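> The structure is given below, and queries will be raised subsequently.
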């Protein structure tokens, strides 16, 4: 399969780099962005249309919805029937769905395939990619995506990949806000923030962090006969105890920790332990 890659920024360039030498065609508005990939064996295209005319899979990693629509329409106008257009940008799910609807008129398949793992994962070839599209389109993308991803998952129809990415990023950035709250508490307590950061990164690498509780297929309340019931009830008890202790410390030091207060209130229900009184 000939792969085209459009958008060679911080993420796109290393992703495309893992495909160089495999018939890769690249395009970026900045010629200097294409030069390293050309040295690695890729062909520099003259335009988006040039990429679309020669690639069976066109990957797009641009900034936002407007750029995705602009580049996507240029691809549709020049690509051959049967081409797969993969959008790796984080956009609105409706943008991907609307682009897929327009692509049907050209017999072109669209997959929304946003990635997670940052530029570190892009450089290492270990990104996670969440793919929304038909089964057939996913199978055509699986091998090329595996060149730069360590996890390639089919999330459902077009739009599902983007919805998964938005949920994943919501967790990511809310956790940053919680981290800032925890740092305020630590700083007021006289704790080294850099040492605390080392502890967090070390232990999250062991436990899986927030992902360690994302094991259930539903957010519905747990039944007492569920295999996870006792495990998550134990987690609930520990979490509520430790959150209570942290809130007591925050009150002593006069530190505002609103996320922690919400977390203590919603911790048990979030684990599926609603109305659980077997303490």
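Residue numbers (the working numbering): 81 to 359. Note that the Cβ used here is the ideal one computed from N, Cα and C, for glycine as well. All of these numbers come straight from a predicted model, not from anything done at the bench.
Does the Cβ of residue 245 have 16 or more other Cβ atoms within 10 Å, making it buried, or fewer, making it exposed?
The residue labelled residue 245 in the question sits at position 165 within the chain shown. So residue 245 ends up on the buried side.
> Using DSSP with H/G/I as helix, E/B as strand and the rest coil, what is residue 98?
For the purposes of this step, residue 98 is taken as the residue at position 18 of the chain shown. Residue state, collapsed to three classes: coil.
> Near residue 264, which residues of its chain fall below 6 Å by C-beta distance, leaving aside the five closest residues on each side in sequence?
Here residue 264 is taken as the residue at index 184 of the chain shown, counted from 1. For residue 264, where only same-chain residues beyond five positions count, the Cβ hits under 6 Å are 335.
> How far does the alpha helix (DSSP H) with residue 348 in it extend, from its first residue to its last?
Locating residue 348 in the chain shown gives position 268, where the first residue counts as 1. Where residue 348 is concerned, the enclosing alpha helix (DSSP H) stretches over 338-350.
> How about residue 141 and residue 89: do their beta carbons lie closer than 8 Å?
Position 61 of the chain shown, counted from the start, is the residue given in the question as residue 141. Position 9 of the chain shown, counted from the start, is the residue given in the question as residue 89. Yes, these two residues count as a Cβ contact at 8 Å.
> Starting from the N-terminal side, write out each stretch of the beta strand (DSSP E) that is 3 residues or longer and does not extend beyond the stretch 182-215.
Segments of the beta strand (DSSP E) lying fully in the stretch 182-215: 189-192 and 207-212.
> In terms of alpha-carbon separation, which member of 229, 206, 208 and 177 lies closest to residue 214?
Sequence index remark: in the chain shown, residue 214 carries index 134 (1-based). Residue 177 is the option with its Cα nearest to residue 214.
> Could you spell out the range, first to last residue, of the beta strand (DSSP E) harbouring residue 231?
Reading the chain shown from its first residue, position 151 is the one you call residue 231. Where residue 231 is concerned, the enclosing beta strand (DSSP E) stretches over 229-236.
> Does the contact criterion of 3 or more C-beta pairs under 8 Å hold for the stretch 165-181 versus the stretch 106-118?
No, the stretch 165-181 does not touch the stretch 106-118.
> Cutting at 6 Å between CB atoms, please list the residues of its own chain near residue 229, excluding the five before and the five after it.
For this step, residue 229 is matched to residue 149 along the chain shown. Closer than 6 Å at the Cβ level, and outside the excluded window around residue 229, lie 207 and 209.
> Of the choices 222, 218 and 225, whose alpha-carbon is the least far from that of residue 236?
Walking along the chain shown from the start, residue 236 turns up at place 156. Nearest option by C-alpha distance: 218.
> Quick one: is residue 223 buried, meaning 16 or more other Cβ sit within 10 Å of its Cβ, or exposed?
Locating residue 223 in the chain shown gives position 143, where the first residue counts as 1. Residue 223 is exposed by the Cβ-count criterion.
> From what residue to what residue does the alpha helix (DSSP H) around residue 246 run?
Residue mapping note: residue 246 aligns to position 166 of the chain shown, counting from 1. 240-268 is the span of the alpha helix (DSSP H), which, as asked, contains residue 246.
> Name the residue from 183, 322, 169 and 299 whose alpha carbon lies nearest to the alpha carbon of residue 147.
Looking up residue 147 in the chain shown gives position 67. Among 183, 322, 169 and 299, the Cα nearest to that of residue 147 is on 169.
> Taking the beta carbon of residue 87 as the centre, do at least 16 other beta carbons fall within 10 Å, making it buried, or is it exposed?
Within the chain shown, numbered from 1, the residue matching residue 87 stands at position 7. Buried.
> Can you check which of these residues, 195, 194 and 180, is closest to residue 188 by C-alpha distance?
Locating residue 188 in the chain shown gives position 108, where the first residue counts as 1. For the residues 195, 194 and 180, the minimum Cα distance to residue 188 belongs to 180.
> Please check if any C-beta of chain C sits within less than 8 Å of the C-beta of residue 349.
Of the protein chains in the structure, only one exists, and it is not chain C.
> Using the C-alpha atoms, what's the distance from residue 307 back to residue 284?
The residue given as residue 284 occupies position 204 in the chain shown. The residue given as residue 307 occupies position 227 in the chain shown. Looking at the two C-alpha atoms, the distance is approximately 24 Å.
> Cα-Cα, which of 124, 204, 186 and 352 is closest to residue 295?
Locating residue 295 in the chain shown gives position 215, where the first residue counts as 1. Residue 352 is the option with its Cα nearest to residue 295.
> Have a look at 216, 131, 106 and 173 and flag the residue whose alpha-carbon is nearest the alpha-carbon of residue 119.
Along the chain shown, one-based indexing puts residue 119 at 39. When each option's Cα is compared against that of residue 119, the closest is 106.
> Count the C-beta pairs between the stretch 242-258 and the stretch 325-333 that are closer than 8 Å, then say yes if the count reaches three, no if not.
No contact exists between the stretch 242-258 and the stretch 325-333.
> If you follow the alpha helix (DSSP H) that residue 311 is part of, which residue opens it and which one closes it?
The residue given as residue 311 occupies position 231 in the chain shown. Its alpha helix (DSSP H) spans residues 309-333.
> Can you check whether the CB of residue 329 is closer than 8 Å to the CB of residue 269?
In the chain shown, residue 269 corresponds to position 189, counting from 1. In the chain shown, residue 329 corresponds to position 249, counting from 1. Contact flag set, yes.
> Could you spell out the range, first to last residue, of the beta strand (DSSP E) harbouring residue 158?
As a working mapping, residue 158 is identified with position 78 in the chain shown. Premise fails: residue 158 lies in the alpha helix (DSSP H), 145-158, not in any beta strand (DSSP E).
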